[in-house]
């Protein structure tokens, strides 16, 4: 029952994130190029109703994600969030009154099927929620170094696909760390109550990390098309989260011959994600362009 509840709340989180992404992209498209990676970017977005609406929806999605992590392992919850991309495209099509082309439906079904195959084959289980301090230090340091390298590399790139992909990769790592810290914080709340939750360093760490990941994502959306940013975000967050689940919480996935269907499922997810991102890019007008008639 706990696994079912975890999966349900993860799907609700994916739906909320998808809705928030559509709204945030609407706001990010209006950002002047000179305001990228600066406090002016945040000031500009804070005055855009669509972006603020996206933040409100994402807050609700974060609550659903926290509940999902309370009931299930990180390596189960985070891969389910891969469904965010097909949901994002479906919602964008509905809001713009466009029809999703047959290739889009095929890719969406492929992502869902690949995800189901991967999770059934991997059967993630177990979580050691008593994480040693040394493990946290190494996790935070490694994440900070890799994220910083991605950001520095992005800042050296002109506005375009490479810059968007690098910012998105940094954001994916940040969101994976946010979920890892959130799981620890929600465990504290579940076991020791609100006071312990509010005095836990993980609570404030996941809030800060989530805010920074959101800032990086806004820069990714401003920097280039969805086909560059979304695959890195969707696939990167899932892969890094599974790695954190195994390395930080000692979660287990099946190996041996089970790796074959897991890899097939991962390949299906990757193909579907890339196809969906390209479909959305082909219909995306982006900043400074004229919408098609």
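In this note's numbering, the protein residues as written are 431 to 723.
Positions of the beta carbon are idealized from the N, C-alpha and C atoms, including for glycine.
As the structure is a prediction and not an experimental result, all values here were calculated from the model.
Opening and closing residue of the alpha helix (DSSP H) in which residue i lies
i, result
"residue 649", "631-653"
"residue 520", "514-525"
"residue 663", "656-679"
"residue 556", "Careful: residue 556 lies outside any alpha helix (DSSP H) and carries neither H nor E."
"residue 593", "591-622"
"residue 508", "504-510"
"residue 582", "563-585"
"residue 488", "479-501"
"residue 535", "532-552"
Residue i versus residue j: straight-line alpha-carbon distance, rounded
i, j, result
"residue 687", "residue 520", "35 Å"
"residue 482", "residue 642", "16 Å"
"residue 567", "residue 514", "30 Å"
"residue 485", "residue 450", "6 Å"
"residue 692", "residue 680", "19 Å"
"residue 725", "residue 677", "Nothing can be reported for residue 725, as the shown portion of the chain is limited to 431 through 723."
"residue 524", "residue 536", "17 Å"
"residue 700", "residue 436", "23 Å"
"residue 671", "residue 664", "11 Å"
"residue 723", "residue 438", "In this prediction, residue 723 scores a pLDDT of 33, lower than 50, which makes its location untrustworthy; no coordinate-derived value is stated."
"residue 497", "residue 454", "24 Å"
"residue 584", "residue 591", "10 Å"
"residue 619", "residue 612", "10 Å"
"residue 551", "residue 561", "27 Å"
"residue 559", "residue 617", "8 Å"
"residue 531", "residue 636", "38 Å"
"residue 582", "residue 602", "16 Å"
"residue 565", "residue 452", "36 Å"
"residue 615", "residue 609", "10 Å"
"residue 526", "residue 605", "28 Å"
"residue 631", "residue 638", "11 Å"
"residue 517", "residue 440", "13 Å"
"residue 588", "residue 682", "41 Å"
"residue 480", "residue 690", "43 Å"
"residue 704", "residue 507", "21 Å"
"residue 667", "residue 505", "11 Å"
"residue 555", "residue 443", "21 Å"
"residue 627", "residue 499", "15 Å"
"residue 434", "residue 674", "22 Å"
"residue 502", "residue 549", "13 Å"
"residue 534", "residue 655", "17 Å"
"residue 640", "residue 708", "27 Å"
"residue 512", "residue 569", "23 Å"
Buried versus exposed call for residue i [16 or more other C-beta atoms within 10 Å across all chains shown]
i, result
"residue 447", "buried"
"residue 653", "buried"
"residue 563", "exposed"
"residue 593", "buried"
"residue 634", "exposed"
"residue 510", "buried"
"residue 539", "exposed"
"residue 685", "exposed"
"residue 488", "buried"
"residue 629", "exposed"
"residue 607", "buried"
"residue 579", "exposed"
"residue 571", "exposed"
"residue 432", "exposed"
Three-state secondary structure assigned by DSSP to residue i
i, result
"residue 713", "Because the pLDDT of residue 713 is 46, which lies under 50, any placement of that residue in the model is unreliable, and the number read from its coordinates should be weighed accordingly. DSSP places residue 713 in coil when its eight states are reduced to three."
Quiz item: So, do the stretch 592-607 and the stretch 635-655 have three or more beta carbon pairs nearer to each other than 8 Å?
Solution: With three or more CB-CB distances shorter than 8 Å, the stretch 592-607 counts as touching the stretch 635-655.
Quiz item: Does the stretch 695-708 touch the stretch 531-549, meaning 3 or more C-beta pairs lie closer than 8 Å?
Solution: Yes, the stretch 531-549 touches the stretch 695-708.
Quiz item: Quick check: the stretch 655-663 against the stretch 487-505, are there 3 or more CB pairs under 8 Å?
Solution: No: the two stretches stay apart, fewer than three of their Cβ pairs being nearer than 8 Å.
Practice problem: Determine contact between the stretch 573-591 and the stretch 618-625, defined as no fewer than three beta-carbon pairs at a distance below 8 Å. | Solution: Contact between the stretch 573-591 and the stretch 618-625 is not established, with fewer than three Cβ pairs separated by less than 8 Å.
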